[in-house]
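Trainee:
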Amino acid sequence: MGHSRPADQADLRRGNLALLVRTLREHGALSRAQLAVRSGLSKATVSSLVTDLEQRGLVRSAGVSAGGQGRPGQLVGLRPTSVCGIGLDLHIGHVSALVNDLSGAVLMRRRVACDVPGLGPERALDALAGLAREALDAVAAAGGHAAGLTVSVPGLVDTEAGVVRLAPRLRWREVPVADGMAARTGLALSQVAVDNDANLGAMAEHAARPVSDLVYVTGDFGIGSGVVCGGRLVRGAVGFAGEIGHMSMDPMGPTCSCGRRGCWETQVGLAAMLHACADPEDPVHDPTRDRDERMTIIRARAERGDQRTLHALHQIGTALGAGVSIVVNLLNPAVVVLGGYFAALPEWLVEPVRQEVAARVLAPGAGGARVVGSTLGFTAPATGGALAALRRVLDDPASVPTVPSAEVART
Ligand SMILES: [Zn+2]
Numbered sequence: 001m002g003h004s005r006p007a008d009q010a011d012l013r014r015g016n017l018a019l020l021v022r023t024l025r026e027h028g029a030l031s032r033a034q035l036a037v038r039s040g041l042s043k044a045t046v047s048s049l050v051t052d053l054e055q056r057g058l059v060r061s062a063g064v065s066a067g068g069q070g071r072p073g074q075l076v077g078l079r080p081t082s083v084c085g086i087g088l089d090l091h092i093g094h095v096s097a098l099v100n101d102l103s104g105a106v107l108m109r110r111r112v113a114c115d116v117p118g119l120g121p122e123r124a125l126d127a128l129a130g131l132a133r134e135a136l137d138a139v140a141a142a143g144g145h146a147a148g149l150t151v152s153v154p155g156l157v158d159t160e161a162g163v164v165r166l167a168p169r170l171r172w173r174e175v176p177v178a179d180g181m182a183a184r185t186g187l188a189l190s191q192v193a194v195d196n197d198a199n200l201g202a203m204a205e206h207a208a209r210p211v212s213d214l215v216y217v218t219g220d221f222g223i224g225s226g227v228v229c230g231g232r233l234v235r236g237a238v239g240f241a242g243e244i245g246h247m248s249m250d251p252m253g254p255t256c257s258c259g260r261r262g263c264w265e266t267q268v269g270l271a272a273m274l275h276a277c278a279d280p281e282d283p284v285h286d287p288t289r290d291r292d293e294r295m296t297i298i299r300a301r302a303e304r305g306d307q308r309t310l311h312a313l314h315q316i317g318t319a320l321g322a323g324v325s326i327v328v329n330l331l332n333p334a335v336v337v338l339g340g341y342f343a344a345l346p347e348w349l350v351e352p353v354r355q356e357v358a359a360r361v362l363a364p365g366a367g368g369a370r371v372v373g374s375t376l377g378f379t380a381p382a383t384g385g386a387l388a389a390l391r392r393v394l395d396d397p398a399s400v401p402t403v404p405s406a407e408v409a410r411t
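Residue 2 in the numbering used here is what sits at position 2 of the sequence shown, and the numbering runs on without skipping anything.
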């Protein structure tokens, strides 16, 4: 056996710090002895690592364990607001921010209506940076440290460069979002990320479910998907995988936002659903109303048994199921999560999708694929963004600077 190099030991320690943080996130406060059992590390190693995490302000003592075998032990728990992640969402009709703490709790949530395509990239980023500053202030007020922020964009994103290559609905092309946000917020470029909205939504849904193969399909004016295979997000050769809304379902169908004909989005996008549910003068078509308000109106009609609405939702659910079946035949996911507006109407959309999947998938029992509505709804992309920012600290707790002991004691 050779001598381990210092770099290996630093990696090992980093991995062990991450393991303890993960264990505390899953189980809540534990004694050092319990942490040693759960993590498989020695008690001496656990004690040394806990001291390190205390110095970074990530954990604190959390009372004394009650009963059980052996002596009662001092409990160690996460200090949830010590580190927070910020998720920012750029949408055609609004910008929004969501802050998650280390335990996953929501510290702040805010949305501002605005016409993002009309503003243009520079002014839209100004609006987004205003929300980022509010989020940073909220983190500071809670005595925490911001791990970073992630901007969710409905379009093709070069995540390495932090550039939005193409977002047709925002009318954006080649916009350096990461540079723009770092300059506006004063955060380091390494703390600012940009990603596709459906990829971030898929990460948020995957984090909430113990499965390794998941497909997230999100419904808005556009339709997007995020694919997790073997526990990993599938990005494709150059990062543009998941543009499922532009699968050609009807070559002679209506013209899509992309200029092609009969894309899936023209059948099951929000505009198609609203069109099927109501005549043009109906209030659900009013562009000044936000999505949640329009969904509330549609829900109310479906709940009171309005035939036009029920028929329209069944038609949308059936078309949705036809597309989902293609994905299930291709990928054999354990679960298909329906997000975005689909998640606002699960009582009427999930069952027709299940029926189509059962009828169209070759594998018996649809290969075990379950179809469910998202519980995060429209907040999934921002939640995924906050989680992606937190991931930096969850993977490497030593990236958080040590704080003077007086400050740790105070909070
Ligand atoms: Zn299209």
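Glycine is no exception: its CB is placed at the ideal position from the N, C-alpha and C atoms.
Measure the CB-CB distance between ALA389 and GLY148 and report whether it falls below 8 angstroms.
Mentor: Numbered from 1 along the sequence shown, position 389 holds the residue referred to as residue 389. Numbered from 1 along the sequence shown, position 148 holds the residue referred to as residue 148. The answer is yes: Cβ separation under 8 angstroms.
Trainee: In chain order, what residues of the same chain have a beta carbon less than 6 angstroms from the beta carbon of VAL157, not counting five sequence neighbours either side?
Mentor: Your numbering for residue 157 matches position 157 in the sequence shown. Here the set comprises VAL164, VAL194, ASP195, ASN196.
Trainee: Could you check whether the Cβ of ALA84 sits closer than 7 angstroms to any heavy atom belonging to ligand 1?
Mentor: If you number the sequence shown from 1, residue 84 lands on position 84. As written in the sequence, residue 84 is Cys, which differs from the Ala given in the question. No, Cβ of CYS84 sits at least 7 angstroms from all heavy atoms of ligand 1.
Trainee: Exposed or buried, what is GLY245 when buried is set at 16 or more other beta-carbons lying within 10 Å of its beta-carbon?
Mentor: Within the sequence shown, residue 245 is the residue found at index 245, counting from 1. So GLY245 counts as buried.
Trainee: In three-state DSSP terms, what is GLU174?
Mentor: For this step, residue 174 is matched to residue 174 along the sequence shown. GLU174 falls in the strand class under three-state DSSP.
Trainee: What's the C-alpha gap between THR411 and ARG391?
Mentor: In the sequence shown, counting from the first residue as 1, residue 411 sits at position 411. In the sequence shown, counting from the first residue as 1, residue 391 sits at position 391. Its pLDDT being 47, under 50, THR411 is placed unreliably by the model, and nothing is read from it.
Trainee: Going by Cα to Cα distance, which pick from ARG301, LEU274, ALA302, VAL372 is closest to ARG289?
Mentor: For the purposes of this step, residue 289 is identified with residue 289 of the sequence shown, where counting begins at 1. Considering only alpha carbons, the answer is LEU274.
Trainee: Does DSSP put ALA344 in a helix, a strand or coil?
Mentor: The residue given as residue 344 occupies position 344 in the sequence shown. If DSSP states are grouped into helix, strand and coil, ALA344 belongs with the helices.
Trainee: So which of ALA344, GLY180, ARG370, GLY93 has the shortest CA-CA distance to VAL327?
Mentor: Here residue 327 corresponds to residue number 327 of the sequence shown, with the count starting at 1. Of the candidates ALA344, GLY180, ARG370, GLY93, the one whose C-alpha sits nearest the C-alpha of VAL327 is ARG370.
Trainee: Identify the continuous alpha helix (DSSP H) that holds CYS277 and give its terminal residues.
Mentor: Translated into positions along the sequence shown, residue 277 becomes position 277. Taken as a continuous stretch (DSSP letters only), the alpha helix (DSSP H) holding CYS277 covers 270 to 277.
Trainee: Residues in the same chain with beta-carbon distance under 8 angstroms from ALA18, minus the five sequence neighbours each way, listed in chain order, please.
Mentor: As a working note, residue 18 is residue 18 in the sequence shown. LEU394, ASP395, ASP396, PRO397, listed in sequence order.
Trainee: Taking 7 angstroms as the cut-off, is the C-beta of HIS285 nearer than that to any heavy atom in ligand 1?
Mentor: Stepping through the sequence shown from its first residue, residue 285 is reached at position 285. Not under cutoff, so the answer is no.
Trainee: Would you kindly check if the distance between the Cβ of ARG25 and the Cβ of SER103 is under 8 angstroms?
Mentor: Numbered from its first residue, the sequence shown carries residue 103 at position 103. Numbered from its first residue, the sequence shown carries residue 25 at position 25. Yes. Within cutoff.
Trainee: For LEU314, report the span of its alpha helix (DSSP H) as first-last.
Mentor: Against the sequence shown, residue 314 aligns to sequence position 314. Before going on, a small fix: residue 314 reads as His here, not Leu. Its alpha helix (DSSP H) spans residues 307 to 331.
Trainee: From which residue to which residue does the alpha helix (DSSP H) around ALA208 run?
Mentor: Counting from one through the sequence shown, the residue named residue 208 turns up at place 208. No alpha helix (DSSP H) contains ALA208, which DSSP labels as neither H nor E.
Trainee: For a test of the three-state rule: what should DSSP assign to MET181, helix, strand or coil?
Mentor: Here residue 181 is taken as the residue at index 181 of the sequence shown, counted from 1. In the structure shown, MET181 sits in a helix (DSSP, three-state: H, G or I).
Trainee: Considering just the uninterrupted stretch of the beta strand (DSSP E) at PRO108, what are its terminal residues?
Mentor: Taking the sequence shown and counting its residues from 1, one reaches residue 108 at position 108. First, the amino acid is wrong: residue 108 is Met here, not Pro. Element bounds for MET108: 106 to 113.
Trainee: Would you say the stretch 123 to 141 touches the stretch 197 to 211, given that touching needs at least three Cβ pairs under 8 angstroms?
Mentor: Because the criterion of three Cβ pairs below 8 angstroms is not met, the stretch 123 to 141 and the stretch 197 to 211 do not touch.
Trainee: Could you tell me which residues DSSP puts in a beta bridge with ASN196?
Mentor: On the sequence shown, position 196 is the one that residue 196 refers to. DSSP lists VAL153 as partners of ASN196.
Trainee: Comparing alpha-carbon positions, which option in VAL64, LYS43, VAL76 lies nearest ARG22?
Mentor: Reading the sequence shown from its first residue, position 22 is the one you call residue 22. Minimum Cα distance to ARG22 is reached at VAL76.
Trainee: Nearest to VAL227 by alpha carbon, out of ALA334, GLY340, ARG304, ASP220?
Mentor: The residue given as residue 227 occupies position 227 in the sequence shown. Cα-wise, what sits closest to VAL227 is ALA334.
Trainee: For ligand 1, any of its heavy atoms closer than 7 angstroms to the Cβ of GLU265?
Mentor: On the sequence shown, residue 265 is found 265 positions in, with the first residue counted as 1. Yes, the beta carbon of GLU265 sits closer than 7 angstroms to at least one heavy atom of ligand 1.
Trainee: So within the stretch 19 to 106, which uninterrupted alpha helix (DSSP H) runs reach at least 4 residues, ignoring any that extend past its ends?
Mentor: You should have 32 to 39, 43 to 55.
Trainee: Between VAL153 and ARG169, what straight-line distance do the alpha-carbon atoms span, to the nearest angstrom?
Mentor: On the sequence shown, position 153 is the one that residue 153 refers to. On the sequence shown, position 169 is the one that residue 169 refers to. When rounded, the distance between both Cα atoms is 10 angstroms.
Trainee: Indicate the three-state DSSP secondary structure (helix, strand or coil) for ASP213 in the structure shown.
Mentor: Residue mapping note: residue 213 aligns to position 213 of the sequence shown, counting from 1. If DSSP states are grouped into helix, strand and coil, ASP213 belongs with coil.
Trainee: Measure the C-alpha to C-alpha separation of SER48 and LEU189 and round it to an integer number of angstroms.
Mentor: To locate residue 48, count along the sequence shown from 1; it is residue 48. To locate residue 189, count along the sequence shown from 1; it is residue 189. Taking the straight line joining both Cα atoms gives about 32 angstroms.
Trainee: Quick one: any contact between the stretch 83 to 98 and the stretch 372 to 384, if contact means 3 or more CB pairs under 8 angstroms?
Mentor: Yes, the stretch 83 to 98 touches the stretch 372 to 384.
Trainee: Do the CB positions of LEU58 and VAL99 come within less than 8 angstroms of each other?
Mentor: In the sequence shown, residue 58 corresponds to position 58, counting from 1. In the sequence shown, residue 99 corresponds to position 99, counting from 1. No; because the gap between Cβ atoms is not below 8 angstroms, this pair is not in contact.
Trainee: Roughly how many angstroms separate the alpha carbons of ALA406 and GLY73, rounded to a whole number?
Mentor: Start at 1 with the first residue of the sequence shown, and residue 406 comes out as number 406. Start at 1 with the first residue of the sequence shown, and residue 73 comes out as number 73. Note that ALA406 scores a pLDDT of 49, beneath 50, so its modelled location is shaky; the value from the coordinates is reported in the next line. One C-alpha to the other measures close to 24 angstroms.
Trainee: Can you tell me whether THR402 is helix, strand or coil according to DSSP?
Mentor: Residue numbering aside, residue 402 sits at position 402 when the sequence shown is read from its first letter. Looking at THR402 - three-state DSSP - the assignment turns out to be coil, as it is neither helix nor strand.
Trainee: On the criterion of 16 or more Cβ atoms from any shown chain inside 10 Å, does LEU12 qualify as buried, or is it exposed?
Mentor: Taking the first residue of the sequence shown as position 1, residue 12 is located at position 12. Exposed, since its Cβ has fewer than 16 Cβ neighbours within 10 Å.
Trainee: Give the DSSP bridge partners of GLY224, in chain order.
Mentor: Here the question's residue 224 lines up with position 224 in the sequence shown. DSSP lists THR218 as partners of GLY224.
Trainee: SER257: beta carbon under 7 angstroms from a heavy atom of ligand 1?
Mentor: On the sequence shown, residue 257 is found 257 positions in, with the first residue counted as 1. Answer for SER257: yes, Cβ within range of ligand 1.
Trainee: For GLU293, count neighbouring Cβ atoms within 10 angstroms of its own Cβ and tell me buried if that reaches 16, exposed if not.
Mentor: On the sequence shown, residue 293 is found 293 positions in, with the first residue counted as 1. Exposed: under 16 other Cβ atoms inside 10 Å.
Trainee: Any heavy atom of ligand 1 inside 7 angstroms of the beta-carbon of ARG260?
Mentor: As a first step, residue 260 must be located in the sequence shown, where it is residue number 260. ARG260 Cβ: within cutoff of ligand 1.
Trainee: Provide the residue(s) that pair with THR266 in DSSP beta bridges, ordered along the chain.
Mentor: Taking the sequence shown and counting its residues from 1, the one referred to as residue 266 is at position 266. Per DSSP, none; premise fails for THR266.
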